[in-house]
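Undergrad: Numbering (the UniProt record's numbering), first residue to last: 1 to 788.
1. According to the neighbour-count rule (16 or more other Cβ atoms, all chains shown, within 10 Å of its Cβ), is residue 769 buried or exposed?
2. CA-CA distance, residue 437 and residue 329?
3. Is the beta carbon of residue 579 sitting closer than 9 Å to the one on residue 612?
4. In the DSSP assignment, the alpha helix (DSSP H) including residue 513 goes from what residue to what residue?
5. Leaving out five residues before and five after residue 345 in sequence, what residues of the same chain have Cβ atoms less than 6 Å from its Cβ?
6. Tell me whether residue 140 is buried or exposed, calling it buried when 16 or more other Cβ atoms sit within 10 Å of its Cβ.
7. Bridge partners of residue 202, per DSSP?
8. Does the beta-carbon of residue 521 have 16 or more other beta-carbons within 10 angstroms, so that it is buried, or is it exposed?
9. List, from N- to C-terminal side, the alpha helix (DSSP H) runs of 4 residues or more that fit wholly inside the region 323-373.
10. Would you call the region 220-229 and the region 109-126 touching, i.e. three or more CB-CB distances under 8 Å?
11. Evaluate residue 32 with the Cβ neighbour count: other Cβ atoms within 10 Å of its Cβ, from every protein chain shown; 16 or more gives buried, anything less gives exposed.
12. Out of 649, 89, 762 and 700, point me to the one whose CA is closest to residue 735's CA.
13. Going by C-alpha to C-alpha distance, which of 467, 448 and 87 sits closest to residue 480?
14. Apply the 10 Å Cβ neighbour rule to residue 586 and answer buried if 16 or more other Cβ atoms are within range, or exposed otherwise.
15. Please name the residue or residues paired with residue 167 in a DSSP beta bridge.
16. Looking only at its chain, what residues have a beta carbon closer than 7 Å to the beta carbon of residue 88, apart from the 5 residues adjacent to it on each side?
17. What's the C-alpha gap between residue 67 and residue 92?
18. Go ahead and pull the three-state DSSP assignment for residue 605.
19. What would DSSP say about residue 534, mapped onto helix, strand or coil?
20. Can you tell me which of 90, 689 and 327 puts its alpha carbon nearest to the alpha carbon of residue 394?
21. Identify whether residue 29 lies in helix, strand or coil by the three-state DSSP scheme.
22. Does residue 553 have its Cβ less than 9 Å from a Cβ in chain C?
23. Can you round the beta-carbon distance between residue 170 and residue 151 to whole angstroms, since I take them to be within the 8 Å contact cut?
24. Compare the Cα-Cα distances from residue 50 to each of 698, 61 and 75 and report the closest residue.
25. Would the beta-carbon of residue 647 fall within 9 Å of that of residue 631?
26. Could you give the DSSP three-state label for residue 494: helix, strand or coil?
27. Determine the extent of the alpha helix (DSSP H) in which residue 207 is found, giving its start and end residues.
28. I'd like to check one pair, residue 80 with residue 252: are the Cβ atoms closer than 9 Å?
29. If you check the beta carbons only, do residue 179 and residue 165 fall under 9 Å apart?
30. Express the C-alpha separation of residue 740 and residue 702 in angstroms, rounding to a whole number.
31. Buried or exposed for residue 383, please, with buried defined as at least 16 other CB atoms from any protein chain shown within 10 angstroms of its CB.
32. Taking the C-alpha atoms as reference points, what is the distance between residue 363 and residue 106?
33. Using C-beta distances below 7 Å, list every residue in its chain close to residue 475, excluding the 5 sequence neighbours before and after it, in chain order.
34. By alpha-carbon positions, which one of 86, 421, 572 and 399 ends up nearest to residue 409?
35. Between the C-alpha atoms of residue 719 and residue 519, what's the straight-line distance to the nearest angstrom?
What follows is the structure, encoded as structure tokens:
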């Protein structure tokens, strides 16, 4: 018998469909490098007083001797007691010991901020990206993300790359639970003001510092900030009074230390008097006793009073920042001052411990209590019109800068020197931008809310931020209903695309159909063509290939009338894919050839890569016996781009289809090699369905040699994986191969020695993928095909 030919389909254009926001967005971005793996907050050099707790925590982080040990520690205590500092000190010490070769994942969940609190699903999306999972492989459902996250961590631990998860400021079990590792090898630290008793975790209660430790922390903080300042050593009674009035809270003690170093000649008795006289007005704090509340209020008030008017104004205005942290430019915009001036002011606020370092250089954030305090001062001391004007300036800044960054995603923008710089800005400001869309919607500023969301839509696509895209574009659509038919059409299209990214294809079809109808009614021909294109992609995703074809042909007609060459190329590329799925292979090949030729003129390497892969797939189905070398060449041409952009899903799919092409050539050793490469890469991408397909292809390649015994283990592994994934036609297809017995496969005898030309083509064809991966791209030009 002859094994049925099999190859990997790019179902639904999941990897290679044209991007959906606009025809001019063509770049494939690398996976987002979030602060999670690299920007653990800095530890204080003045850390003291919780040394015993630090030793306890480190003992729990050490590599486990019991594989089933509880690997989660919850550090619990009141606000300002030093939970985050303890967690950071422990994490950095563990990294220094090389206990976590896989790195540290850190997130401040802002659990006690009702406006900015982070959803665990959103955190998981960022963490999976930091762990190397491509955006298109991140599930839209939070539960599925949690399961994938646990699986990735387990795999890392098995490879000797333990990961430490640090979850800061968790307010509930529901917020932190999905972020925890589920094995006994990886570890986690949670900090919270609550007991979180539902966790199967060690609990480490962190209390205020005892008097001697509080004095020691004050001493170290003062001496670190001002070398040679011995007042705490020289005036022990007053130092003890300060420690008592600060309630033993590290947060309050560090603020007072910063104040002391600003007045080096002042006796400590003066600070004791100031602290004693300060009243308490922070009504929302929930401390166990009034003395603690008074201590925090006293420290905040004294530090605030010590600021210059300009510093105090910036401190107040930063409470308007919509996200968890901010950069210099955003602060300068709020204050309506130059960046250099605001940079100095921020450094002064940081030195006073009124703000903290953020997740990257020149990014800052509030302690959650300090943000609340800044908000109070803002409401008391800035008029309503002044607050509104500052907020408007910030939103206008975001609107302009997002627009420039989004332009860079498709070409060039005026505010950034490069695409990488634009993307880095979007990554850094992402939480602020999301919060800004919500804030402007809540303020009734419909135009700004809609435009911000619209300009972020391409970024959602590139980073595969499905859930955030749906939430944000839903708000944008609501805002656009007040702005007219054209904005409403664009917002409906963006929402449809967000649903498509999230694999909610039926909802995508509904919103994209609505967008197309609105554009048609408004007489917006260009928008109508674009929305037809996106609607065609959605129909492709639900398997309605005839409807997809109809949309792409209508889009093509509009593009031809308008002279839009890039739109024509995209329409031909997507149309070719829809024809391929209808088994109209000759038409598909002809159409994809047109797309590639035009894209080459336009200089669009990423779209060319997509089109070449689909052209190879169509050619495999159309005439596999006559063009295997041509198919290998198309795939290797695509591989060149995938290598240059480190597009790992594309590389894996190319490897798999190279195996199919080599089976058709009768080059079974190469077929086995590339199928194994595909399986390994799909496994690293945590794509079990395609990994199973690649394992099955290894078996198919072995069958071509007649080695049934070599093929069987791969079919068995593939079948087990398909069965684990749930019912599908792949299960029965794989079982068919397991029914093949030894001796049933007849390998055709060699046709005789090849002539010299055939031998050279064979050698070239077998080596070409290796040559491309070695960077020897000139090998692609050595043979010219004339196949049509």
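Note that CB positions come from ideal geometry on N, CA and C, so glycine has one too.
TA: From the atom records:
1. Residue 769 is buried by the Cβ-count criterion.
2. Their backbone Cα atoms lie some 19 Å apart in a straight line.
3. Pairing residue 579 with residue 612 gives a Cβ-Cβ distance that is not under 9 Å.
4. In this chain, the alpha helix (DSSP H) harbouring residue 513 covers 505-521.
5. Within the same chain, residue 345 has close Cβ partners 311 and 314.
6. Buried, since its Cβ has 16 or more Cβ neighbours within 10 Å.
7. Per DSSP, the beta bridge partners of residue 202 are 73.
8. The residue is exposed, with fewer than 16 neighbouring Cβ atoms inside 10 Å.
9. Fully enclosed alpha helix (DSSP H) runs of 4 or longer: 328-335 and 339-351.
10. Segments in contact, no.
11. Unreliable positioning characterises residue 32 in this predicted model, as indicated by a pLDDT of 37, which lies under 50. The coordinate reading is nonetheless provided below. Per the 10 Å Cβ criterion, buried.
12. Looking at the Cα atoms, 700 is the closest of the given residues.
13. Among 467, 448 and 87, the Cα nearest to that of residue 480 belongs to 448.
14. Classification of residue 586: exposed, given that the 10 Å Cβ count is below 16.
15. Answer is 107 and 190.
16. So the list reads 40, 41 and 43, once near-sequence residues are dropped.
17. Confidence is the limiting factor: at residue 67 the pLDDT is only 46, short of 50, which leaves the residue's position unreliable, though a coordinate-based value still follows. The alpha-carbon atoms of residue 67 and residue 92 are separated by roughly 23 Å.
18. Residue 605 falls in the helix class under three-state DSSP.
19. It is helical.
20. Distances from the alpha-carbon of residue 394 to those of 90, 689 and 327 put 327 closest.
21. Only weak support is given to the placement of residue 29: the predicted model assigns it a pLDDT of 32, under 50, and the question is left unresolved by the model.
22. Absent here is chain C; the protein component of the structure consists of one chain.
23. Not confirmed; about 22 Å, so no contact.
24. Answer by Cα proximity: 75.
25. Going by C-beta atoms, residue 647 is not nearer than 9 Å to residue 631.
26. Assigned with DSSP and collapsed to three states, residue 494 falls in helix.
27. Premise fails: residue 207 is in no alpha helix (DSSP H) and is neither H nor E.
28. Yes. Within cutoff.
29. For residue 179 and residue 165, yes; Cβs fall inside 9 Å.
30. Looking at the backbone, the Cα of residue 702 and that of residue 740 are separated by about 12 Å.
31. An exposed status is given to residue 383, since fewer than 16 other beta-carbon atoms sit within 10 Å of its beta-carbon.
32. A direct Cα-Cα distance of roughly 16 Å separates residue 363 from residue 106.
33. Result list for residue 475: 437, 438, 441, 449 and 453, in chain order.
34. For the residues 86, 421, 572 and 399, the minimum Cα distance to residue 409 belongs to 421.
35. Near 48 Å, if we compare the C-alpha coordinates of residue 519 and residue 719.
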